[in-house]
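Participant:
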Amino acid sequence: MPEESRVRVIPEEIDDLLANPDMGLQTFHCFADEDKSLEGLPSTSAYFRFYWSEIEPVEGNIDFQKFNYLLSRARKAGQRLAFRIMCIGTGSSYMYVPHWLKEKGCRGFEYQRGESLKHWAPDMDDPIFQDAHFRLLEELGKRYDGHPDLGLVDVGSVGLWGEWHMSGTGLSLPSLKTRLAIIDAYCETFPKTPKLMNIDDEDGMRYAIRKGCGWRADCLGDMGGFSKNWNHMEHFYPQQISRTGAGEAWKTMPVAFESCWDMKRWRQEGWDIRYIFDYALKYHVSYFNNKSTSIPENTRHEVEYFLRRIGYRLVLRKLEHDKVATLGSLLLIRMMWENVGVAPPYKDNLLAFRLKNLESKDVKIFISQTSIKGWTPGKIEVTTWLRLPEDLKPGLYELAIAIVDPDVKIPAVRLAIAGHSEDGWYPLSQVEVKDENLLKYSD
């Protein structure tokens, strides 16, 4: 195509904080429109944890209303829900599974962590536990797997707080056979929904990675809060990620970190916040949960630095197409994209184009088959085309671009370029559409 017959656009990159789905700050047991700790920072993920006793206090009577409310509430706040189910805790309760489970004859163990009260934990190797718990997961999966307002399922159930360890209790994890069966249950009941699992159980995590799960770690920022000779970041994480084969999992499923204590503790201990955030970025983090606690004074710039790099961040570097196209022909569009974040998008959102007649204001939308899923950090060349329908009215058209959710056909992802319109589209250029038959007749 001759240079003079082409349109070339070089969009302007921006450094705005973007509220994009499936990444970024997570609110904790609350929603973005009520979480004062955000102080205006974007959040598109609302993370909740439930004990089994909270969601099925009566056998067979699962509190679906709770989940329905949280999903709709997340949508209202511009977020998606993420949740974990837990069976063992250390609070004021004697047991964290429903009482009816023990009454059915499920075996169990008493334990005490530190000076806390005694608690009761179910024996997860017991068929009574497995039948009841797998049924719970199956019922939840039937209703919510693939739900548009469900962003993540945290593979919990096992260990203290669903973290896949029994630290300080004197108890062991259930058998490996049972742990793998629980992972299988989550994968089978939530096949469409992204799933993460804590990295604490080496054998379980290795299996979960092979099953297509991502991973999460619960103590980002620990630089010596438990011991002068050991900490999570320098010792536990690198070893566990290496041992479990989780190092490449970020390419297909998200990585999430939760703060150890919170950022205020980091500041009080004098730990380097930039170093902690860079550490998470090195592991291609997509989600960060600070437990909805406030950001320490004079550290907002560090949080904003982090939020401009976490997850994916898409920049359209260049777009080219012909200045003139004819009805019934193909309008070829060449693009250079760059993901300047640290992780890919994990959902099949699609590139879309809109032609708007500048005179009549008629609009034609073209949704391509080009998915952004798996766009790892770096540059991505994309070539696609629009087949202009014969009934399109000749004239001068504005060409706009967007990344749309294929289920609802509306823009879903903000780009790190200028020109964002209120409806989510990015007008970029103009193309003249001519009727070839009229051209021949006039000749």
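Residues 1 to 443 in my numbering are what the sequence shown lists, from first letter to last.
A virtual CB, placed ideally from N, CA and C, is assigned to each residue, including glycine.
(1) Within 10 Å of its beta-carbon, does Y69 have 16 or more other beta-carbons around it, so buried, or fewer, so exposed?
(2) Checking the sheet assignment: what are the DSSP bridge partners for I10?
(3) Going along the chain, which residues of its own chain have a beta-carbon closer than 6 Å to the beta-carbon of I481, five neighbours each way excluded?
(4) For S53, does the three-state DSSP call read helix, strand or coil?
(5) Identify, in the order they occur along the chain, each residue of the same chain with its Cβ nearer than 8 Å to the Cβ of G419, setting aside the five sequence neighbours on each side.
(6) Can we say the region 102–116 touches the region 46–55, given the rule of at least three CB pairs closer than 8 Å?
(7) If we ignore side chains and look at the alpha-carbon of each, how far apart do L220 and G151 end up?
(8) In three-state DSSP terms, what is W230?
(9) My output table needs one value for Y397: the three-state DSSP class, helix, strand or coil.
(10) Out of L71, R113 and I62, which has the shortest C-alpha to C-alpha gap to P98?
(11) Report buried or exposed for P148, applying the criterion of at least 16 other Cβ atoms within 10 angstroms of its Cβ.
(12) With a threshold of 16 other CB atoms inside 10 Å of the CB of Q79, please say whether the residue is buried or exposed.
(13) With 16 other CB atoms within 10 Å as the buried threshold, where does I372 fall?
(14) Following the continuous beta strand (DSSP E) through M387, name the residue where it begins and the one where it ends.
(15) Quick check: V363 and R354, are their CB atoms within less than 8 Å of each other?
(16) On the premise that G24 lies in contact with S37, defined as a C-beta separation below 8 Å, what is that separation, rounded to the nearest angstrom?
(17) Would you mind sorting T383 into buried or exposed? The rule is 16 or more other CB atoms within 10 Å of its CB.
(18) Only counting the same chain, and skipping five residues up and downstream in sequence, which positions put a Cβ closer than 6 Å to that of H232?
(19) Are there 16 or more other CB atoms within 10 angstroms of the CB of F64, so buried, or fewer, so exposed?
(20) Please go through the same chain and pick out, in chain order, the residues whose beta-carbon is closer than 8 Å to the beta-carbon of D443, but skip the five residues on each side of it.
(21) Mark G214 as exposed unless 16 or more other C-beta atoms lie within 10 angstroms of its C-beta, in which case mark it buried.
(22) Cβ of L351 within 8 Å of Cβ of A416?
(23) Terminal residues of the continuous beta strand (DSSP E) containing D218?
(24) Any idea which residues DSSP pairs E432 with across the strands?
(25) Compare the beta carbon distance of I128 and G105 with 8 Å and say whether it is the shorter of the two.
(26) From which residue to which residue does the beta strand (DSSP E) around L307 run?
(27) Once you ignore the five residues that flank S138 on each side, which residues in its own chain have a CB closer than 6 Å to its CB?
(28) Using the three-state DSSP reduction, which class does Q79 fall into: helix, strand or coil?
(29) Under the assumption that L388 contacts L332 (Cβ atoms under 8 Å), give the Cβ distance between them as a whole number of angstroms.
(30) Indicate whether D154 and R216 have their beta-carbon atoms separated by less than 8 Å.
(31) By how many angstroms is the C-alpha of R309 removed from the C-alpha of E436?
(32) Within 10 angstroms of its Cβ, does Y397 collect 16 or more other Cβ (buried), or is it exposed?
(33) So, under 8 Å CB-CB, I55 and L160 are touching, yes? Tell me the CB distance rounded to an integer number of Å.
(34) So, does the CB of A32 fall closer than 8 Å to a CB anywhere in chain D?
(35) Would you decide whether E258 is buried or exposed? Buried here means 16 or more other CB atoms lie within 10 Å of its CB.
(36) Out of G40, K356, D201 and N20, which one is the CA nearest neighbour of S292?
Facilitator: Per the coordinate set shown:
(1) Counting the other Cβ atoms within 10 Å of the Cβ of Y69 gives fewer than 16, which makes it exposed.
(2) According to DSSP, which records beta bridges pairwise, I10 is partnered with nothing at all.
(3) Absent from the structure is residue 481, since the part of the chain shown begins at 1 and ends at 443.
(4) Three-state result, S53: helix.
(5) When the five nearest sequence neighbours on each side are left out, the beta carbons in the same chain lying within less than 8 Å of the beta carbon of G419 are those of P11, E12, Y426, P427 and L428, in order along the chain.
(6) Contact check between the region 102–116 and the region 46–55: fewer than three CB pairs, one atom from each, fall below 8 Å, which does not count as touching.
(7) For the pair L220 and G151, the Cα-to-Cα distance works out to about 22 Å.
(8) In this structure, W230 counts as coil in the three-state DSSP scheme.
(9) Correct three-state label for Y397: strand.
(10) Closest option to P98, Cα to Cα, is I62.
(11) Exposed.
(12) It counts as buried.
(13) With a threshold of 16 other beta carbon atoms within 10 Å, I372 meets it and is buried.
(14) What sits at residue 387 in the sequence shown is Arg, not Met. Taken as a continuous stretch (DSSP letters only), the beta strand (DSSP E) holding R387 covers G378 to R387.
(15) Yes, the pair counts as a contact, with Cβ atoms nearer than the cut-off.
(16) Actually they are not in contact, since the Cβ atoms of S37 and G24 sit about 14 Å apart, beyond 8 Å.
(17) A residue is called buried when at least 16 other Cβ atoms come within 10 angstroms of its Cβ; T383 does not meet this threshold and is exposed.
(18) Beyond the five residues adjoining it in sequence on each side, H232 comes within less than 6 Å, by CB distance, of C219 and D222 in the same chain, given in chain order.
(19) Under the 10 Å beta carbon count, F64 is surrounded by fewer than 16 other beta carbons and is classified as exposed.
(20) Reliability of the predicted coordinates at D443 is poor, the pLDDT of 47 falling under 50, and the value obtained from them is presented with this limitation in mind. Contacts found: none.
(21) It is buried - the Cβ of G214 has at least 16 other Cβ atoms within 10 Å.
(22) Here L351 is not near A416, since their CB atoms are 8 Å or more apart.
(23) G214 to L220 is the extent of the beta strand (DSSP E) around D218.
(24) Paired residues: V324 and L396.
(25) A contact, by the Cβ cut-off of 8 Å.
(26) Counting along the chain, L307 falls outside any beta strand (DSSP E), though it belongs to the alpha helix (DSSP H) covering R300 to L307.
(27) The question names Ser, but residue 138 in the sequence shown is Glu. Cβ neighbours of E138 within its own chain (closer than 6 Å, five residues either side excluded): T189.
(28) Correct three-state label for Q79: coil.
(29) Wrong, their Cβ atoms sit about 11 Å apart, outside the cutoff.
(30) Against a cut-off of 8 Å, the Cβ pair of R216 and D154 comes out as a contact.
(31) Approximately 48 Å, taken between the alpha carbons.
(32) So Y397 counts as buried.
(33) Contact doesn't hold; Cβ gap of about 18 Å is too wide.
(34) In the structure shown, chain D does not exist; there is a single protein chain.
(35) Here E258 is buried: its Cβ has 16 or more other Cβ atoms, across all protein chains shown, within 10 Å.
(36) With distances taken between Cα atoms, S292 lies closest to G40.
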